[in-house]
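Shown next, in structure tokens, is the structure this report addresses.
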Amino acid sequence: MRPLHLSAAQALARTRAQLADTSLLLAARPDMAALLLAGRVLSSERTPLRRLPPLGWVTAHAPTAREILKDYRHFTNLTEGGVGDLWAQVLGPWVLDMFDGPGHHDLRTRTRELFTEDSAAALVAEAWQDSFDAARRELVTGGTVDIAALSRMLVGRMMGALLGIDEVRHDSAAADELFATGERLAGLALDTGADTTLPEDRVAQAQEIVRQLTANVPAAFADPQPGTILERCARLGLGLRETTGLCALLMVAGTETSASAMARTVALLADTGDQHLLRRDRSLLPEAVREGLRVTTPAAVIGRGVSADVEIAGARMQAGERVMMLTWTANTRYGGFDLRRGYVPEVRQLWFGAGRHLCLGAPLARAEIAGLLTMLLDAAAEAGAPGWQIVERTPQRRVMIPGYQRLVVALA
Ligand code: HEM
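Below is the structure:
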């Protein structure tokens with residue numbers, strides 16, 4: 001890591017930027033935010049893993065979290081504490097094989113090329129260019145754009161494009177609706193942490209939301225558009241049930257997370273003043289995306305169940321126990337947003353997980369953030385403005401993934 005030399009004013013701006021982003025965690029899930037902040041002292045280089053009854057094991061040490069995520073012989077996401085456990089209650093026990101069994105390996109092998117850096121950038125350009133043009137025009141002519149609302153609508157539209165559902169792809173209101181429905185589904189898991197067993201009424205609500213979310217899938221799957229995920233599923237030989245389940249998963253995994261990182265990265269660049277470095281040198285765009293993902297870490301916690309006794313970092317963990325990886329804490333331990341920080345090898349890309357469940361949509365998420373930042377940089381360049389400024393911001397309250405409800409920007 002390169003040493004960072006900052007003036008007092010710059011250091012203050014960076015502290016404020018970090019506080020503004022951290023306050024989003026407190027607004028979204030105060031209890032989880034408390035645990036994430038406490039993780040800084042609970043889990044250290046010397047004692048990476050702590051047992052915290054009734055939560056189970058907790059770590060905020062990046063190398064230990066990665067070791068656990070990569071060790072599929074001793075850890076699983078199918079038992080209590082893992083995301084597979086949540087989905088199995090909602091979709092049925094058939095998902096278990098697809099989530100962590102041989103079916104998962106098969107699916108990941110066949111979908112390896114689903115998103116590459118190039119295909120993801122092309123998807124973003126194709127699906128979002130008209131919305132970007134409209135936002136850029138608005139900014140250049142002196143107007144304001146709510147980046148948080150724009151991001152939600154865009155990721156909703158992206159799902160329409162990926163799944164070949166034209167109604168969502170071309171209609172902003174339908175895209176907003178898809179996002180809000182996905183958010184309601186994720187919200188049902190709000191109070192879960194280590195304990196992922198949902199009460200019966202929540203399971204019923206979740207099943208109804210999945211039905212709404214995927215209402216268009218059967219028709220689109222019957223005659224899938226070329227290049228869509230549905231076509232890929234059909235070619236993989238997946239049936240309608242599995243395809244519908246996968247679509248529901250994508251709509252939840254790839255919407256709130258991306259929208260959160262997009263708006264928060266825009267705010268961090270403005271708050272730290274690093275947008276000016278980026279404006280002068282656009283080759284820093286990948287750094288801006290990476291720092292944005294590191295500092296925001298939208299999936300702030302990843303859970304696993306211990307499936308077989310194992311000793312990790314001096315801790316003896318027993319089958320049936322649970323472990324929570326505080327990835328936000330692990331990633332932000334290395335400092336606040338700074339474009340000059342460089343790659344942090346201890347962390348790699350822990351914001352996308354690690355091992356066999358490493359985020360399937362990582363290239364797409366990166367392209368989405370890069371696309372939004374490019375639109376803002378283009379708008380500033382066209383207007384001859386020094387950058388963008390935030391004129392209003394409100395956090396989202398009681399949501400699974402922290403983010404801005406409103407982040408209104410104008411050109412400076
Ligand atoms: C900034 C945006 C995103 C972040 C921070 C993020 C983060 C993550 C993380 C941490 C995991 C691993 C979870 C675990 O190990 O339990 C994951 C898995 C996954 N993500 Fe993402 N994600 C993002 C965007 C997306 C997008 C855009 C898509 C798809 C369009 C997507 C699809 C998936 C899928 C399908 C999985 C499950 C992979 C598996 O279990 O094999 N994600 N994501």
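If you read the sequence shown in the UniProt record's numbering, its first letter stands for residue 1, the second for the next number, and so on. Backbone N, C-alpha and C define an ideal beta-carbon position, used for all residues, glycine too.
Over the uninterrupted beta strand (DSSP E) stretch that includes residue i, give me the two end residues.
i: Glu117; result: Where Glu117 is concerned, there is no enclosing beta strand (DSSP E), although the alpha helix (DSSP H) it sits in stretches over 117-140.
i: Ala410; result: 404-411
i: Pro394; result: First, the amino acid is wrong: residue 394 is Thr here, not Pro. From DSSP, the beta strand (DSSP E) with Thr394 extends over 388-395.
i: Met317; result: 315-317
i: Gly305; result: 302-306
Closer than 7 Å: is that where the CB of residue i sits relative to any heavy atom of ligand 1?
i: Phe132; result: no
i: Thr257; result: yes
i: Pro402; result: no
i: Asn77; result: yes
i: Pro298; result: yes
i: Ile302; result: yes
i: Gly361; result: yes
i: residue 418; result: Limits of the chain in this structure are 1 at one end and 412 at the other, which puts residue 418 out of reach.
i: Phe352; result: yes
i: Leu162; result: yes
i: Gly254; result: yes
i: Leu250; result: yes
i: Leu289; result: It should be noted that the sequence gives Val, not Leu, for residue 289. It does not: the Cβ of Val289 is nowhere closer than 7 Å to a heavy atom of ligand 1.
i: His104; result: yes
i: Arg235; result: no
i: Arg322; result: no
i: Arg341; result: no
i: Val210; result: no
i: His357; result: yes
i: Arg65; result: The amino acid occupying residue 65 in the given sequence is Ala; Arg does not appear at that position. Not under cutoff, so the answer is no.
i: Leu26; result: no
i: Val124; result: no
i: Ala383; result: no
i: Arg108; result: yes
i: Val83; result: yes
i: Ala261; result: yes
i: Ala365; result: yes
Among the options, which has the Cα closest to the Cα of residue i?
i: Leu52; options: Arg241, Ala161, Ala315; result: Ala315
i: Asn331; options: Arg322, Glu321, Gln207, Pro345; result: Pro345
i: Asp171; options: Asp100, Leu198, Gly254, Trp128; result: Trp128
i: Asp85; options: His74, Arg73, Phe99; result: Phe99
i: Thr257; options: Leu163, Arg152, Pro199, Gly305; result: Arg152
i: His5; options: Leu360, Leu364, Arg340; result: Arg340
i: Trp328; options: Leu293, Ala180, Met317; result: Leu293
i: Ala33; options: Gln405, Arg73, Ile401, Leu407; result: Ile401
i: Arg398; options: Leu26, Gly353, Arg290, Leu198; result: Leu26
i: Gly355; options: Ser23, Gln10, Ser44, Arg73; result: Arg73
i: Ala267; options: Leu373, His357, Gly305, Arg279; result: Leu373
i: Ala206; options: Pro218, Ile229, Thr181, Leu230; result: Thr181
Could you spell out the range, first to last residue, of the alpha helix (DSSP H) harbouring residue i?
i: Ile312; result: It is not in any alpha helix (DSSP H) - Ile312 instead sits in the beta strand (DSSP E) that spans 310-312.
i: Val210; result: 200-213
i: Ala330; result: 327-332
i: Val168; result: 166-170
i: Gly227; result: Looking at the DSSP string, Gly227 is not in any alpha helix (DSSP H), and its letter there is neither H nor E.
i: Asp378; result: 362-383
i: Val155; result: 147-163
i: Thr107; result: According to the sequence shown, residue 107 is Leu rather than Thr. Per DSSP, Leu107 belongs to the alpha helix (DSSP H) from 102-110.
So residue i and residue j are supposed to be a Cβ contact under 8 Å. How far apart are they, rounded?
i: Met325; j: Val301; result: 7 Å
i: Gln275; j: Gly371; result: That pair is no contact at about 16 Å.
i: Ile68; j: Val409; result: No, Ile68 and Val409 are not in contact; Cβ-Cβ is about 39 Å, not under 8 Å.
i: Ala379; j: Arg136; result: 4 Å
i: Thr214; j: Ala248; result: 5 Å
i: Leu78; j: Leu96; result: 5 Å
For a minimum of 4 consecutive residues, which ranges assigned as the alpha helix (DSSP H) are wholly contained in the stretch 246-294? 256-272, 275-280
Completely contained beta strand (DSSP E) runs for the stretch 21-99, where each covers 3 or more residues: 49-52, 56-59
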